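Numbering (the UniProt record's numbering), first residue to last: 1 to 304.
So the structure is just underneath, and the comments pick up after that.
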């Protein structure tokens, strides 16, 4: 990261920004992190731990269902599929794509795209060119004991995931004289967790089983055992619809972390074409604003 001439965020965030220009959070310029680093430096912080890699090394691969099928553990597979209500999505993407040759997977994906048509979900998965780029960076399957083992290793080594290895965090830290450390990428931990079968790390719709076990008596039980992230329901979306996000009232915009124009454009887009995705964007914005107000009192000055 360039301290003197900061550019837009990492390549993956740039792609998000191009696909959804009204998205107010993804694709932030790197100088947006500077107020946080300045605040940490002012408090005498010299080392910061990150959660980078937590999902990649602890959650396990959904391809574990294919491992249950190919190893003859059909009763266990039936129990898992019942949990997912025998979803066609799960049957195809988590089982068939794990065991079929690539040419068959390609044909299947083309048929699914034709039958399903365009979806807002395509924003998260990117354009065809991006998907092709992602596929091109996966590891070869040959040599791995199972599809789930191959998938976990591919995720961990993918360029958009392994940002911690590329020097970006170290360059960012130099602005605030900080050292970033990533405990989940400790080589010993990664080696151990990759040796554990995926079916031991996720089961019945719950991921990160090993991490949850380790957090007994550390985290509150309601948090440790929750099966998903923060709940996002139609009720929350309806409440967000009734709110007005005035760019000038947000500490995020007053501090220079977000552009007022981008927030205004997001509001206009939401009003003109409400959708689950645009509601989710508002939710992210509200959560970030609340976090900022809680941790920066009084509001930090203008860093623009």
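Even glycine gets a Cβ: it sits at the ideal position worked out from N, Cα and C.
Note that the structure is predicted; figures quoted are calculated from it, not measured.
Apply the 10 Å Cβ neighbour rule to residue i and answer buried if 16 or more other Cβ atoms are within range, or exposed otherwise.
i, result
"residue 62", "buried"
"residue 95", "buried"
"residue 204", "exposed"
"residue 201", "buried"
"residue 60", "buried"
"residue 266", "buried"
"residue 51", "exposed"
"residue 80", "buried"
"residue 184", "buried"
"residue 89", "exposed"
Which of helix, strand or coil does DSSP assign to residue i?
i, result
"residue 243", "coil"
"residue 50", "coil"
"residue 93", "helix"
"residue 206", "strand"
"residue 181", "strand"
"residue 58", "helix"
"residue 211", "helix"
"residue 21", "For residue 21, the predicted model reports a pLDDT of 45, less than 50, meaning its position is unreliable; a value from the coordinates is still stated below. Here residue 21 sits in coil by DSSP."
"residue 155", "helix"
"residue 144", "coil"
"residue 73", "coil"
"residue 38", "helix"
"residue 79", "helix"
"residue 253", "helix"
"residue 64", "helix"
"residue 198", "helix"
"residue 216", "coil"
"residue 296", "coil"
"residue 113", "helix"
"residue 281", "helix"
"residue 192", "helix"
"residue 263", "helix"
"residue 288", "helix"
Quick one, which of the options has its alpha-carbon nearest residue i's?
i, options, result
"residue 189", "179, 249, 48 and 58", "58"
"residue 91", "64, 113, 114 and 110", "64"
"residue 198", "149, 187 and 157", "149"
"residue 98", "146, 113 and 75", "146"
"residue 274", "239, 85 and 250", "239"
"residue 151", "38, 67, 209 and 110", "67"
Check whether chain C comes within 8 Å of residue i, counting only Cβ atoms and requiring the distance to be less than that.
i, result
"residue 250", "Of the protein chains in the structure, only one exists, and it is not chain C."
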